[in-house]
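**Q**
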Amino acid sequence: MKTKKEKSILLRVLLLCVAIYFVCSLSVLWSDLIKGRENLEKINNEIETTEQIIGEYRELLSSGNEAKIIEKAARERLGYVFEDEQVYIDVSAD
Numbered sequence: 002m003k004t005k006k007e008k009s010i011l012l013r014v015l016l017l018c019v020a021i022y023f024v025c026s027l028s029v030l031w032s033d034l035i036k037g038r039e040n041l042e043k044i045n046n047e048i049e050t051t052e053q054i055i056g057e058y059r060e061l062l063s064s065g066n067e068a069k070i071i072e073k074a075a076r077e078r079l080g081y082v083f084e085d086e087q088v089y090i091d092v093s094a095d
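Residue numbers (our numbering): 2 to 95.
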């Protein structure tokens, strides 16, 4: 038979293992929470940018000026510029 002291030591070791497990689990959950918040912020920023672009397109469509729509599409999608236009490219931007 195990003595009371041996049972007490075994119980303490078991409780210590459980406590370590809980601390490790909480730290993993905390890091997941932080990553999730970062992803949420990134997605919210993308939503804002997309809403701004949609607003610009709505303004173009509501103005009824087809020339502006065609010009914007040629500039953005095809990279076209006017003959006498100077284009500066910011190479420092990421």
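Note that beta-carbon positions come from the ideal geometry of N, C-alpha and C, so glycine has one too.
How long is the line joining the alpha carbons of Q87 and Y81, rounded to whole angstroms?
**A** Numbered from its first residue, the sequence shown carries residue 87 at position 86. Numbered from its first residue, the sequence shown carries residue 81 at position 80. Taking the straight line from one Cα to the other gives about 12 Å.
**Q** So, helix, strand or coil for Y58, using DSSP?
**A** The sequence position of residue 58 within the sequence shown is 57, counting from 1. DSSP places Y58 in helix when its eight states are reduced to three.
**Q** Can you tell me whether Q53 is helix, strand or coil according to DSSP?
**A** Within the sequence shown, residue 53 is the residue found at index 52, counting from 1. Q53 falls in the helix class under three-state DSSP.
**Q** Indicate whether L61 and I70 have their beta-carbon atoms separated by less than 7 Å.
**A** As a position in the sequence shown, residue 61 is number 60, starting the count at 1. As a position in the sequence shown, residue 70 is number 69, starting the count at 1. Result yes, Cβ atoms of L61 and I70 sit closer than 7 Å.
**Q** Could you spell out where the alpha helix (DSSP H) holding I70 opens and where it closes?
**A** Locating residue 70 in the sequence shown gives position 69, counting from the first residue. 67 to 79 is the span of the alpha helix (DSSP H), which, as asked, contains I70.
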